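Sequential numbering from 116 applies to the sequence shown in our numbering. Glycine included, C-beta positions come from ideal geometry on N, C-alpha and C. The model shown is predicted, which means the values in this text are computed figures rather than measured ones.
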Amino acid sequence: MTATSALSLPRTTATAARVLRQLRHDPRTIALMILVPCVMLFLLRYVFDGSARTFDTIGASLLGIFPLITMFLVTSIATLRERTSGTLERLLAMPLGKGDLIAGYALAFGAVAVVQSALATGLAVWFLDLDVVGSPWLLLLVALLDALLGTALGLFVSAFAASEFQAVQFMPAVIFPQLLLCGLFTPRDAMHPVLEAVSDVLPMSYAVDGMNEVLHHADLTAAFLRDITIVAAVALLVLTLGAATLNRRSA
């Protein structure tokens, strides 16, 4: 039998449930996805213990960046493991569409991303005293979208790696340029015009901008809505591209 093309909710949820069962038996991966962003924020707070304003300035940005990075790393490795083990090939030989498979992975890792983002946001706002003018729920929304973007990027790049080591090597190519150009270290409009133009097409730039909008504005702004729309749209686009790449290593 061949994979069906129509997206099916039962097949998608069954795929998500299978991935979550596998994650449940991998405590190190769970710790990496859920605890590492919290630990990084905790360390950052006390690195700047004598300068709370510095933590307020960059803490919100990193609240979005840390989930993106960890979800990218874990998702790319976990998906590649199923590619190289032949699991994806066997699954696609069943009545399971590529869209069902990608949507199932996104749903499973998205569920973990909800927990990860909620813990990191709660820690930053209520325990580490991150000074936020806007609603903490909007911070949580941006952090969740960033984690989903990391999941989508991880699913996509796994198609181009032949080993888990190569999947990790994609981080400098995909994540580090965005980290340098997203406005975390210097305002994007203060960069060289060429770099500013490049940053305008990188999704992490809008993730950081969205966090900063919540940091400085009590109400929803047009810029915030633009930023989260772009992050969500890029995540959806990359997930679609990820589904298209499944035939690279699967029958």
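{"Query": "Who are the near neighbours of L243 in its chain, counting only those whose CB is closer than 6 Å to its CB and skipping five residues on each side?", "Result": "R160"}
{"Query": "Within 10 Å of its beta-carbon, does G219 have 16 or more other beta-carbons around it, so buried, or fewer, so exposed?", "Result": "buried"}
{"Query": "I'd like to check one pair, D215 with S320: are the Cβ atoms closer than 7 Å?", "Result": "no"}
{"Query": "Starting from the Cα of D228, find the closest Cα among L245, A129 and C153 and give me that residue.", "Result": "Reading off the sequence, residue 228 comes out as Ala, not Asp. Nearest C-alpha to A228: C153."}
{"Query": "One question on the structure: do G357 and D342 come within less than 7 Å of each other, judged by their Cβ atoms?", "Result": "no"}
{"Query": "Classify L335 as helix, strand or coil using the three-state DSSP reduction.", "Result": "coil"}
{"Query": "Quick one: which unbroken alpha helix (DSSP H) runs of 4-plus residues sit fully inside the segment 139-219? Chain order, please.", "Result": "142-149, 151-162, 167-200 and 202-207"}
{"Query": "Return the residue from the list L256, L294, L255 and F187 that minimises the CA-CA distance to T266.", "Result": "F187"}
{"Query": "Along the chain, where does the alpha helix (DSSP H) containing L243 start, and where does it finish?", "Result": "Segment: none, L243 is in no alpha helix (DSSP H) and carries neither H nor E."}
{"Query": "Within the continuous alpha helix (DSSP H) that includes G269, where are the two ends?", "Result": "P251 to V272"}
{"Query": "Please list the segments of the alpha helix (DSSP H) lying wholly inside the segment 285-337, counting only runs of 4 or more residues, in order along the chain.", "Result": "291-296, 308-314 and 318-331"}
{"Query": "Among the candidates V349, F170 and R143, whose CA atom is the shortest distance from the CA of T271?", "Result": "For the record, residue 271 in the displayed sequence is Phe; it is not Thr. Measuring from the Cα of F271, the nearest candidate turns out to be V349."}
{"Query": "Beta carbon of V230, beta carbon of I149: below 7 Å?", "Result": "yes"}
{"Query": "Decide if Q284 is buried, meaning its Cβ has at least 16 other Cβ atoms within 10 Å, or exposed.", "Result": "exposed"}
{"Query": "Would you decide whether T130 is buried or exposed? Buried here means 16 or more other CB atoms lie within 10 Å of its CB.", "Result": "buried"}
{"Query": "What separation, rounded to the nearest whole angstrom, lies between the Cα atoms of T190 and P142?", "Result": "15 Å"}
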